[in-house]
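Novice: Sharing a structure, written as structure tokens. Questions coming.
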């Protein structure tokens, strides 16, 4: 059967502050600039999740989009939408919520779902000018 | 001379929390739902500022775009970009930072600038699905 | 209180065929071209609904966005999303489902809701190149 | 019959240089900055033309979109697409091709077409951040 | 010579209904939900076709864009634009017109054209939230 | 450490004319059509630069976005923004400024910067319908 990819885009709104506990206050300011402001800022994030695998010959689909939406909702959006990444999400109490780290953490959340081996890529847009991606490597 | 409009779009990233001191905690929860979460969330806001007036016959412009960008930067973006609306911006310590109120407050900031009577409309997109506008009425 | 507008964008997918019972088959073909193909075609429509009125001084909003979304869902989206406008929607059994007519019909559906006198404009994008609007005039 | 608007978006690519013969070289540099560079630059312009009038009760349309596209093609796009505004377009040999002036000139070209009194607004996006509009006032 | 990719985006409007003859009515309803509604719905599809190969040292191009547009028009758009995928397109009388299957079928149509071995990927956006891709594997 | 990509999008406005000195005037006209018009045309180009490498465990980033923006500004945008590619940029005095060649030239400019081995892909959008990419192959 043909091997295809299927990508779903979702959006969520969250606050975050870039700050690394491994750096001094001066280093944090120098490295993250206005992203290090004490009270945080926020974004309309866009999450793109790509599956890759064979098309089912009976149904003509790689994966049920309704089920994919439900998985993204349960595993990612319900946790992070309208939340503060640093204060509300356990993983980011000690991990800096950069787009890179968020893509890696979301990959882990989704890898443990029914998507399993079909999961191919997680892309996270912080603004329409910056995007990070992770493929489990 | 022809009367035209000129609109400039800018973006900024900010955190906010919808909460009205005039309402009880239960009313805030009922009215604002997840937008009332204690630690806030955030958006990539898009600001659209429209000027209206006569084209200058010598230059062919309504207003210098470079100057317009500088005014938007100084009067709005430098204050709110990568900030927390509720905690960092004086006007929103007591005023709920809804898109409606933000449009009205930004109008006031810009009306006091060199834009003066050319200022025609302030539009504020909270996401690509919600936008509020104000024309000084 | 300041008078503002608040606009909400929603999308839906529907099939339609442009065809007027008041015209001959030849006239329909000449006027609507490929939009008159017998088996229909379809679009991802974007609906923009604008309210206009005073900001509530206690809440800082013109209208509750969650309630607005629910009204749009109940009055418009639940009826037309993933439907065939000509075959599934009573109003368009005899009325040609052009963007112009759809905007007028949706206005009627929404005017009868709790939006009432706040309703200011209905805009309907058929593609990202064509949009019709209606203000109840 | 209901009064509606119908808007069509088209794009074209053109070069231009902002320069006013009424100004000295120093004034041109000061006012237009990098837009005054000798060899010009260019844009993907987006043209939005809005018609306003009554819906035809027999056809359900304000104006035939196919005809509207043909008019925009003949009156505007065929003249300016892949051209240099200053060097190739007669009107802009002496008139500065700002977005404001281009909107006014295009209005004139379209007013003389079959659109006539239906023509309501011409909007010209120079980039996705700047747009000028003209309504014949 | 450098190996580059060149991608062209085109759009078309079509109706479709998701339905598999290999499934019972109950299974079709359960799997495809509102996409299985009897009278179909539709989309503004976006087709992205990517070529990959060496830049021609004399012309500086991988493939002539005008010719590429003509091929996409002849091989894909002329067949599917403003059509009903299930009723008007032979391949989809028995094959479910999912985005996955449409990408695979369009690949076959384009592989048989002058694009030949330059064809690298076909991507099909059903909405701005769902996209399937196929690379001939 | 996880291997991620980080992509930054920037835009610039430039004029260009497609013309190859290796071809006759007739061949240039036949191949490039309206893109070969003598006085040139222009675009709002979008440049997408992708880095690929390991996330820094202390900072949570692949590369500092502020530094990346500065490199793109210095190495590419400062040279080409509001310029005429053929007349103002040395590389394109003899090389045809197609999207393919521009992606290859920009790759060279960026490869010589601090990005070095992290540079993974350069993508150049000429319009929102055409994009060329280069990965140094």
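Chains as they are written, first to last, in the working numbering: chain A, 1 to 137; chain S, 1001 to 1137; chain H, 2001 to 2137; chain E, 3001 to 3137; chain U, 4001 to 4137; chain L, 5001 to 5137. Note that beta-carbon positions come from the ideal geometry of N, C-alpha and C, so glycine has one too.
1. Hey, quick one: how far does the alpha helix (DSSP H) through residue 4130(U) stretch, first residue to last?
2. Please name the residue, chosen from 2091(H), 2044(H), 2028(H) and 2112(H), that lies closest to residue 2015(H) on a Cα-to-Cα basis.
3. Terminal residues of the continuous beta strand (DSSP E) containing residue 44(A)?
4. Assuming the contact rule is C-beta atoms closer than 8 Å, residue 5017(L) and residue 5118(L) should be a hit. Round their C-beta distance to whole Å, please.
5. Can you tell me the Cβ-Cβ gap for residue 1076(S) and residue 1106(S), rounded? I've got them flagged as a contact below 8 Å.
6. Which stretch, first to last residue, makes up the beta strand (DSSP E) that contains residue 3014(E)?
7. Output, in sequence order along the chain, the residues in the stretch 4081-4099 of chain U whose CB is closer than 8 Å to any CB in chain H.
8. For residue 1084(S), which residues does DSSP report across the bridge?
9. Give the secondary structure of residue 1079(S) by DSSP, where H, G and I count as helix, E and B as strand, and everything else as coil.
10. Taking C-beta to C-beta, are residue 4050(U) and residue 4121(U) nearer than 8 Å?
11. Classify residue 4133(U): buried if its beta carbon has 16 or more other beta carbons within 10 angstroms, exposed otherwise.
12. Might you give, ordered along the chain, the residues of its own chain that have their beta carbon closer than 6 Å to the beta carbon of residue 5111(L), omitting 5 neighbours on each side?
13. Pull up the distance between the alpha-carbon of residue 21(A) and that of residue 1060(S), whole angstroms please.
14. Out of curiosity, what's the CA-to-CA distance linking residue 5081(L) and residue 5013(L)?
15. Use the C-beta contact count for residue 5030(L): other C-beta atoms within 10 angstroms, 16 or more gives buried, fewer gives exposed.
16. Given this structure, state the Cα-to-Cα distance separating residue 1084(S) from residue 1025(S), to the nearest angstrom.
17. Determine the chain U residues that contact residue 5134(L) at a beta-carbon separation under 7 Å, and present them in chain order.
18. If you draw a straight line from the C-alpha of residue 1002(S) to the C-alpha of residue 3103(E), how long is it?
19. Please decide whether residue 2040(H) counts as near chain E, where near means a Cβ-Cβ distance under 8 Å.
20. Compare the C-beta of residue 1118(S) with all C-beta atoms of chain H and state if any pair is closer than 8 Å.
21. Give the residues of chain A in contact with residue 5064(L), contact being defined as C-beta atoms less than 7 Å apart.
22. Any beta-carbon of chain S closer than 8 Å to the one on residue 56(A)?
23. Rounded to the nearest angstrom, what separates residue 97(A) and residue 1036(S) at their Cα positions?
24. Is there a Cβ from chain E that is less than 8 Å from the Cβ of residue 5069(L)?
25. Out of 2079(H), 2010(H), 2004(H) and 2028(H), state which residue places its alpha-carbon closest to the alpha-carbon of residue 2062(H).
26. Determine whether the beta carbon atoms of residue 4090(U) and residue 66(A) lie at a separation below 8 Å.
27. Less than 7 Å between C-beta atoms, sequence neighbours within five positions excluded: which residues of the same chain meet that for residue 2028(H)?
28. Could you round the C-beta distance between residue 3965(U) and residue 4099(U) to whole angstroms and report it? I think they count as a contact, below 8 Å.
29. For residue 1040(S), does the count of other Cβ atoms within 10 angstroms reach 16, so buried, or fall short, so exposed?
30. Based on the DSSP secondary-structure assignment, which residues constitute the bridge partners of residue 3124(E)?
31. Between 2071(H), 2129(H) and 2055(H), which lies nearest to residue 2116(H) when the distance is taken from Cα to Cα?
32. Going by DSSP, what residues sit across from residue 1119(S) in a beta bridge?
33. Return the CA-CA distance between residue 4008(U) and residue 4109(U), expressed in angstroms with no decimal places.
34. Please confirm whether residue 36(A) has its beta-carbon closer than 8 Å to some beta-carbon of chain L.
35. Closest to residue 1056(S) by CA distance: which of 3010(E), 3123(E), 3006(E) and 3095(E) is it?
36. Do you know offhand how far residue 4068(U)'s Cα is from residue 5101(L)'s?
Specialist: Concretely, from the data shown:
1. Counting along the chain, residue 4130(U) falls outside any alpha helix (DSSP H), though it belongs to the beta strand (DSSP E) covering 4130-4134.
2. 2044(H)
3. 41-54
4. Not confirmed; about 34 Å, so no contact.
5. 5 Å
6. 3003-3016
7. 4081, 4082, 4083, 4084, 4087 and 4088
8. 1015(S)
9. helix
10. yes
11. buried
12. 5119
13. 54 Å
14. 5 Å
15. exposed
16. 21 Å
17. 4002 and 4004
18. 10 Å
19. no
20. no
21. 31
22. no
23. 22 Å
24. no
25. 2004(H)
26. no
27. 2019, 2020 and 2036
28. Look at the range of chain U in this structure, 4001 to 4137, and you will see that residue 3965(U) is not part of it.
29. buried
30. 3047(E) and 3132(E)
31. 2071(H)
32. 1051(S)
33. 16 Å
34. no
35. 3095(E)
36. 18 Å
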